[in-house]
Amino acid sequence: MPRLDVRIKTSLRAKAIYATRQGQREESVTIRELSLNGALLDPMRGRPAETLTLITELSPSREIELRGDIVRLNGSQSAAVQFYYPDRDTSWSLWHYICAKLKNDPHCPYCGEARAGDTSHCWHCGQYLEFSDAAYLDAHLRETLAARVQNRLPKLQPEHCRKIIKYIDGELLRVRDKSPDQEFVGTCPAMLKVFSMIHKVAATDLSVLILGESGTGKELTARAIHERSARKDKPFVPFNCAAIPEGLLEAELFGYQRGSFTGATETKKGKFELADGGTIFLDEIGDLSLHLQAKLLRFLEDRIVERIGAKKGRKVDVRILAATNCNIHERMETGSFRDDLFFRLNTFCIKLPPLRERGEDKVVLARFIFHKISEAGDFHLQGFSEEALTAIRRHDWPGNVRELINKIRRAMVMATEEFIQPADLELEPLASEVAPTNLRRQVSMSKKEIVLAALQENNYVIARTARALGISRPSLYSMMKKFKIEH
Ligand SMILES: Nc1ncnc2c1ncn2[C@@H]1O[C@H](COP(=O)(O)OP(=O)(O)O)[C@@H](O)[C@H]1O
Ligand SMILES: [Mg+2]
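The letter at position 349 of the sequence shown is residue 349 when you use UniProt numbering, and the numbering goes up by one with no holes.
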């Protein structure tokens with residue numbers, strides 16, 4: 001394999017300064033070999049892995065400073081130093097110096113074979129030899145680094161590669177890895193229907209009412225709609241109507257003029273104005289007071305925001321997405337939510353199913369969350385044990401996806417084995433054999449048979465059997481008495 005950095009022989013005087021525990025030490029050295037990446041110094045009394053600064057004059061008044069680590073001591077006389085990446089000016093100065101020496105060299109600096117005439121590439125190793133080309137330095141650096149990465153590739157695990165690509169995309173190329181479909185996980189028919197509704201409604205400017213229990217992804221749905229809409233480059237302003245005391249809500253939503261009430265020391269824009277051109281997401285809309293419902297309704301009709309204390313309103317262009325986890329129909333029946341506001345908001349309605357009704361999505365989501373958390377931290381876990389997956393399938397998930405995230409986060413901290421166990425998730429372990437995976441078989445069994453089978457599977461340990469059947473110990477005892485089961 002040809003050498004990757006172009007190295008020349010030289011005899012440049014330099015000052016080597018290196019930091020030791022005792023303070024700085026300086027010595028005079030000669031650079032015997034030099035490349036963009038390192039040098040061979042003579043003499044050198046440093047130690048491997050020590051950091052040093054080299055100051056040298058490439059030509060009169062062209063002084064450069066290079067920093068690097070000692071990587072190898074060649075006997076006691078000379079030392080190899082690897083440079084950190086120098087800034088562009090330093091690289092250029094160094095490269096000019098190297099180029100000037102290369103011009104007269106009849107050998108290819110990469111492979112050492114004789115150069116044939118003035119061809120642009122080495123006939124032997126194929127490397128580009130137009131050193132005076134202005135684009136050469138960049139091309140050279142890129143190829144050198146690419147070759148270094150290539151050399152390391154066989155040693156990398158797929159997991160490492162994934163992290164590297166994520167880093168490159170996120171930090172270096174700033175590629176947005178946040179398409180709503182990638183972050184929004186769902187494979188069951190009900191969720192596929194939700195995705196299709198998001199796609200359809202995003203293209204319109206309709207108000208959308210998003211219903212679903214807490215933690216089912218209402219805010220995620222609102223963001224997905226916004227990000228797929230023509231307003232995606234404008235603000236998305238989430239606002240939780242239940243999180244702010246009633247007295248401050250109006251000022252927060254509609255803004256206020258300076259001096260309009262005690263404490264209004266300056267004029268402030270409300271959320272509607274901040275969302276101008278974009279989307280506002282009104283979460284927990286069911287908790288809005290009747291007074292504010294009336295104000296919101298007026299706004300929906302004329303799209304004019306009146307700051308508290310202002311003489312005149314201002315027209316704003318905002319798309320409204322609203323969500324609630326309460327039973328809004330019940331609220332309308334009791335008169336605490338206005339029908340006319342509901343009909344205004346409900347031009348399009350998306351209902352998110354609770355997690356317990358999403359079938360195998362529970363496991364798909366659990367794996368997705370596990371990978372997301374793994375990527376963000378230094379975990380050495382392989383995944384979920386079969387028992388943990390069974391427990392995840394069986395749990396009711398009253399807190400939906402939010403609860404799943406919290407339980408997995410906790411489990412990843414608590415786990416002591418390679419695979420997460422039900423107890424790490426604070427879920428009950430289940431005797432999987434008794435699990436009613438085969439519904440028909442279970443239905444055909446009488447209650448007595450089910451209880452008997454469960455007792456046998458659990459060696460007649462009452463506590464375990466009761467847990468496996470999902471009933472209390474007293475209930476199990478009374479069933480055993482009823483079915484005349486001895487133990
Ligand atoms: N289908 C899903 N795929 C991935 N993450 C989800 C999904 N549903 C919810 N989440 C995540 O669960 C958490 C709760 O979701 P959120 O939208 O705030 O729920 P809600 O507004 O209904 O209470 C958030 O961290 C969200 O990113
Ligand atoms: Mg929410």
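Note that CB positions come from ideal geometry on N, CA and C, so glycine has one too.
In this text the structure is predicted, and so the values were computed from the model without any measurement.
Distance between Val461 and Leu455, taken at the CA atoms: about 7 Å. Across the set Tyr110, His121, Cys161, Ile168, the C-alpha of Tyr110 shows the shortest separation from the C-alpha of Thr144. Contact annotation, Val201 with Ile225: C-beta distance approximately 6 Å; criterion of less than 8 Å satisfied. DSSP, read as helix, strand or coil, puts Asp105 in coil. Around Gly313, the same chain offers Ile304, Val305, Glu306 as residues with beta carbons nearer than 7 Å, after the five sequence neighbours per side are excluded. Contact between Ile408 and Ile373 is confirmed by a C-beta separation of about 7 Å, below the 8 Å threshold. By the Cβ neighbour-count rule, Lys311 is exposed, with fewer than 16 other Cβ atoms within 10 Å of its own. Membership of Leu41 in the beta strand (DSSP E) is indicated by the continuous run 38–42. Where Gln24 is concerned, there is no enclosing alpha helix (DSSP H), although the beta strand (DSSP E) around it starts and stops at 23–34.
Listed in chain order, the non-local C-beta contacts of Leu137 below 6 Å within the same chain comprise Trp95, local neighbours out to five positions each way being set aside.
Contact between the region 332–339 and the region 218–232 is absent, with fewer than three C-beta pairs closer than 8 Å. Those residues placing their Cβ nearer than 6 Å to any heavy atom of ligand 2 are, following chain order, Lys218, Glu219, Asp283.
With 16 or more other Cβ atoms inside 10 Å of its own Cβ, Val81 counts as buried.
If you check the CB distance, Ala391 and Pro354 do not come in under 8 Å.
The three-state secondary structure of Asn400, taken from DSSP, is helix. With a threshold of 7 Å, the Cβ atom of Val71 does not count as near ligand 1, since no heavy atom of the ligand is closer than that.
Per the DSSP secondary-structure output, Phe239 pairs in a beta bridge with Leu282. Per DSSP, Arg13 is one residue of the beta strand (DSSP E) stretching across 8–20.
A direct Cα-to-Cα measurement between Gln157 and Asp378 gives close to 15 Å. Of all alpha-carbon atoms in Gly383, Arg402, Thr10, Val401, the one lying nearest the alpha-carbon of Thr416 is that of Gly383.
Judged by DSSP in its simplified three-state form, Ser478 adopts helix.
Note that the C-beta distance between Ala251 and Ile308 is below 8 Å. The C-alpha of His395 lies about 17 Å from the C-alpha of Ile369. Secondary structure note for Cys349: its beta strand (DSSP E) is the uninterrupted segment 349–351. Under DSSP, Asp69 forms a beta bridge with Thr51, Gln82.
By alpha-carbon distance to Pro189, the top candidate from Arg258, Asp361, Ala222 is Asp361. Excluding the 5 residues flanking it on each side, Glu428 has same chain C-beta neighbours closer than 7 Å at Ala391, Pro422, Arg467, in chain order. When only Cα atoms are considered, Arg162 and Leu172 end up about 15 Å apart. The residue from Gly247, Thr56, Lys269 with its alpha-carbon nearest to that of Thr262 is Gly247.
In summary, Ile31 is buried, with 16 or more beta-carbon neighbours lying within 10 Å of its beta-carbon over all protein chains present. Looking at the DSSP output, Glu63 bridges to Glu57. For Ala388, there is no enclosing beta strand (DSSP E); the residue is part of the alpha helix (DSSP H) that begins and ends at 386–394. For the options Arg344, Ile285, Arg331, the alpha carbon positioned closest to that of Asp302 is the one of Arg344.
The DSSP-derived three-state label of Val318 is coil.
By DSSP's assignment, Phe419 forms a beta bridge with Gly383.
Taking the Cα positions, Ile17 is about 14 Å away from Phe83.
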